[in-house]
Every structure is written in structure tokens, then in C-alpha cells.
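Per our numbering, the sequence shown starts with residue 2, numbered consecutively. Even glycine gets a Cβ: it sits at the ideal position worked out from N, Cα and C. Predicted model, so just to flag it, every value in this text is computed and none were measured. The next block holds one structure in the form of C-alpha cells; read it before the comments.
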Amino acid sequence: AEAENLLVGLAPADDAAVYRLDDERALVFTVDFFPPLVDDPELFGRIAATNALNDVFAMGGVPLLALSVAAFPESLPNEIVAAIFAGADEQVRAAGAILAGGHTLRDEEPKYGLAVVGTVHPDGVWTKSGARPGDALLLTKPLGTGMLLHAARQGSRHEEGLVAVAESMTALSRDAADVLRPFEPSAVTDVTGFGLLGHAHELADRSGVRLELDAATLPFFPGAREQAAAGVRTGGDRRNRDFAGPHVEADGVPDDVLALAYDPQTSGGLLVALPADKSLTLRAAFEARTLSAWPIGRVVEGSGVSLR
2 AEAENLLVGL APADDAAVYR LDDERALVFT VDFFPPLVDD PELFGRIAAT NALNDVFAMG
62 GVPLLALSVA AFPESLPNEI VAAIFAGADE QVRAAGAILA GGHTLRDEEP KYGLAVVGTV
122 HPDGVWTKSG ARPGDALLLT KPLGTGMLLH AARQGSRHEE GLVAVAESMT ALSRDAADVL
182 RPFEPSAVTD VTGFGLLGHA HELADRSGVR LELDAATLPF FPGAREQAAA GVRTGGDRRN
242 RDFAGPHVEA DGVPDDVLAL AYDPQTSGGL LVALPADKSL TLRAAFEART LSAWPIGRVV
302 EGSGVSLR
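In C-alpha cells form, the structure reads like this:
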């Protein structure tokens, strides 16, 4: 019975684990933490919290409770630690949840994130497994967080792009999920460390379909294509190409666009598959809430991912 109630676990893995309590309630569990991406400690706390909370929203769930997972060096001033926690607490509250404790280790490199528990109706769990031929594909945030942050660390700052990236990385997927829920999407995942093509490959593989992505309609942050064209690549770029590349056809796609399609994202958008006849209505519903949902392709029969 215990195993029967595990609706989503390791096989196949998804954005979070889901455990059914009864016919009306299931729990969603996730954990995510990483080293600082930005210099501002409060902003780092908000980004790390958003990244973890969004895994719950990506499963169709609502967060209830969060615990901090932290590692800091002895030498890190207390006010910096306090600012990280304050940023996280602000974001957890904004998600309608409670930051209720956590655990801190000593480590040479700072790291921070959350373990989050949420709830979802057992029949309303979103996974990577339900996309069907004829579905439209939508993306709710632009691409390029990894590229712009990496370029900034190397001394090439695109200020407009970095402002947009900071805003996006602290944007909870709560509102997007609220708008999406009545449309009963076929499959949903959030685009994070594996990049768009990595997560598209996972969705195609789990659903037993092929995803056709339109290179011309992919949304990018300001300055992202310039940084990509200048040769900026993150450490995750090679990993993502190794992971998804064998399953991706992208002949003739410009190098900068391809690099951004592989670029690892932090707190990225939702990649949504839903019946094509609902796509326009959904986009209008997003616009009515001043949210974005870019049409980026379609689901067809077959396997793998194409980018054209």
C-alpha cells in the first residue's frame, strides 16, 4: 500500500515526489539548494527559495511548509547569513507557505535552498508524462539566466539583462500555475538546470512523443543572444549537450540560439503541453494577469526533440 500511494517517485523522476494521503489529498515533496549566483545576499535567498518553491507549482501543487537547507563558512558575517534567511522567508510568505526551521552545516562555500512540502489533489498532479500529439507547447519565462550571470562573473555585464534576470529568478510560478490549472494541461515541467532542450527531451521521452520547437519563437532575456554570440558558455552547457544532444536535431539553428536552448536556467519558466485548441485562450488568460506564455512549438508522433 505504501508503494501504491507514491504517485511520483524516482522511476520516473519528476520535479518533485508526490505521495497520496487519501482520495482528496496528496503531499508534494522537493528539495533544492545551490551556491550563490549573485552578490546580494537577500536576493540570493529569494532566488534560492523561488527555485525550490517553483518545483511544487510545476507539479500542480501549493506549498505549505519549507525548511532551510544551508551551509556557510565560519568566516561569513552574521548579517549576510541573516539577509539570506530574510530573503528566503519573504519569498516563502509570498508563496503562501511558512518557513518553519531547517538545518545549517559549516562548509567552505556558502550554499542555500529549501526543502518544501506542498499539497495537490491526487487527480490534479502535473507530470512530464502526459503530452500527446496535437498538443501545443508554451514557455512562461525567457531563456538566458545562466548565460547572463556567467558573463557578469567574467566581467561582461549587460545591465538591462541582469535586471530582467533577477526579476525573473524571483518570480514565483504560483500565478502561472493558478491560471493554468483550469486548462488541465497534458504535461508540465519547469525549465531549470538541464536547459530548455534537456527538459524538452525528458518530457518527450516520458510522454513517448516528439517535440518540435520553433527557434524563431523562443524568448530570450535582453543581451542574452549578444553574450551567446560572443562565445559565453556556462559549465552546464557541455553537460546539457552531452545529456540531451543525442536526442536533439537542430541542423541550421544559429549557434547563439542553440547555446541558449541548452543554457542551464535558475528558477526558469514552466514548459507546458496542452491541447492546441486551448492555446490561444490560455495565452489570453495569461495576458489578463500580465503574465507571459510564449508559443514555442508542438507535440507530434515520434521521439526526440527537433529545433528549427
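Have a look at residue i and residue j and give me their C-alpha separation to the nearest angstrom.
i, j, result
"Val39", "Ile99", "24 Å"
"Ala331", "Leu150", "The requested residue 331 does not occur in the structure, where the chain is confined to residues 2 to 309."
"Gly194", "Val117", "18 Å"
"Glu302", "Leu68", "42 Å"
"Thr282", "Gly131", "20 Å"
"Pro36", "Ala231", "26 Å"
"Val180", "Ala286", "7 Å"
"Ala14", "Trp127", "13 Å"
"Asn79", "Glu227", "38 Å"
"Ala229", "Pro64", "35 Å"
"Gly236", "Gly10", "28 Å"
"Phe221", "Val254", "15 Å"
"Pro316", "Lys279", "In the structure displayed, the chain extends from 2 to 309; residue 316 sits before or after that span and is not available."
"Glu109", "Asp243", "30 Å"
"Asp23", "Phe73", "40 Å"
"Phe184", "Glu75", "49 Å"
"Arg239", "Glu25", "43 Å"
"Arg107", "Leu77", "10 Å"
"Thr31", "Leu66", "11 Å"
"Ser304", "Ala4", "30 Å"
"His248", "Ala167", "31 Å"
"Ala87", "Leu44", "9 Å"
"Leu163", "Asp252", "30 Å"
CB of residue i to nearest heavy atom of the ligand FMN: below 7 Å?
i, result
"Gly135", "Inclusion of the ligand FMN in the displayed structure is not the case, the ligand content being empty and no account of it being possible."
Using C-beta distances below 6 Å, list every residue in its chain close to residue i, excluding the 5 sequence neighbours before and after it, in chain order.
i, result
"Phe58", "Ser174, Arg175, Ala178"
"Arg21", "Asn6, Leu8, Ala27, Pro123"
"Arg284", "Ala294"
"Pro42", "Ile81, Ala84, Ile85"
"Ala89", "Gly46, Ala50"
"Lys142", "Ser169, Gly269, Gly270"
"Val29", "Ala17, Val19, Val57, Met60, Gly62, Gly119, Val121"
"Glu250", "Ser307"
"Ala71", "Thr105, Tyr113"
"Asn241", "Phe195, Gly196, Gly199, Tyr263"
"Leu214", "Ile297, Gly298, Leu308"
"Arg207", "Pro13, Lys129, Ser130"
Whose C-beta lies closer than 7 Å to the C-beta of residue i among residues of the same chain, with five residues either side of it excluded?
i, result
"His200", "Thr190, Val192, Leu272"
"Leu212", "Leu138, Ala201, Leu204, Ala205, Gly298, Val300, Val306"
"Gln266", "Leu144, Thr146, Gly147, Val192, Thr193, Gly196"
"Gly135", "Pro276, Ala277, Val300"
"Arg312", "What the structure shows of the chain is the stretch from 2 to 309, and residue 312 is not part of that stretch, so it cannot be assessed."
"Gly103", "Leu68, Ser69, Val70, Ala71"
"Ala96", "Leu54, Pro64, Leu173, Arg175"
"Pro186", "Trp127, Val273, Ala274, Leu275"
What whole-angstrom Cβ distance do residue i and residue j have, given they're in contact under 8 Å?
i, j, result
"Leu115", "Asp33", "7 Å"
"Ala274", "Ala188", "4 Å"
"Gly224", "Glu288", "Actually they do not touch by this definition, with Cβ atoms about 25 Å apart."
"Val210", "Arg133", "7 Å"
Please report the residue range of the alpha helix (DSSP H) in which residue i lies.
i, result
"Val93", "79 to 95"
"Asp176", "175 to 181"
"Asp191", "No alpha helix (DSSP H) contains Asp191, which is instead part of the beta strand (DSSP E) from 188 to 191."
"Phe221", "Segment: none, Phe221 is in no alpha helix (DSSP H) and carries neither H nor E."
"Phe287", "280 to 289"
"Leu144", "That residue, Leu144, is in no alpha helix (DSSP H); it is neither H nor E in DSSP."
"Arg21", "No alpha helix (DSSP H) contains Arg21, which is instead part of the beta strand (DSSP E) from 18 to 21."
"Gly236", "236 to 245"
"Ala260", "256 to 263"
"Leu271", "Looking at the DSSP string, Leu271 is not in any alpha helix (DSSP H); the run it does join, the beta strand (DSSP E), is 271 to 276."
"Ser169", "160 to 170"
Along the beta strand (DSSP E) that carries residue i, what are the first and last residues, could you check?
i, result
"Ala101", "99 to 107"
"Gly305", "305 to 308"
"Ala137", "136 to 140"
"Glu213", "211 to 214"
"Arg47", "Taken as a continuous stretch (DSSP letters only), Arg47 belongs to no beta strand (DSSP E), being part of the alpha helix (DSSP H) at 42 to 59."
"Phe34", "27 to 35"
"Ser293", "Counting along the chain, Ser293 falls outside any beta strand (DSSP E), and DSSP gives it neither H nor E."
"Ser208", "Premise fails: Ser208 lies in the alpha helix (DSSP H), 196 to 208, not in any beta strand (DSSP E)."
"Gly119", "112 to 121"
"Leu38", "Unbroken run through Leu38: none, as it is neither H nor E."
Identify, in the order they occur along the chain, each residue of the same chain with its Cβ nearer than 8 Å to the Cβ of residue i, setting aside the five sequence neighbours on each side.
i, result
"Gln155", "Val233"
"Gln92", "Gly46, Arg47, Ala50, Thr51, Leu54, Thr171, Leu173"
"Leu219", "Leu140, Leu144, Leu197, Val258, Leu261, Ala262, Trp295, Ile297"
"Leu292", "Thr141, Asp176, Ala177, Val180"
"Arg158", "Ala152"
"Arg182", "Gly61, Gly125"
"Ala245", "Phe195, Gly196, Leu198, Gly199, Ala201, His202, Tyr263, Val306"
"Ala101", "Leu66, Ala67, Leu68"
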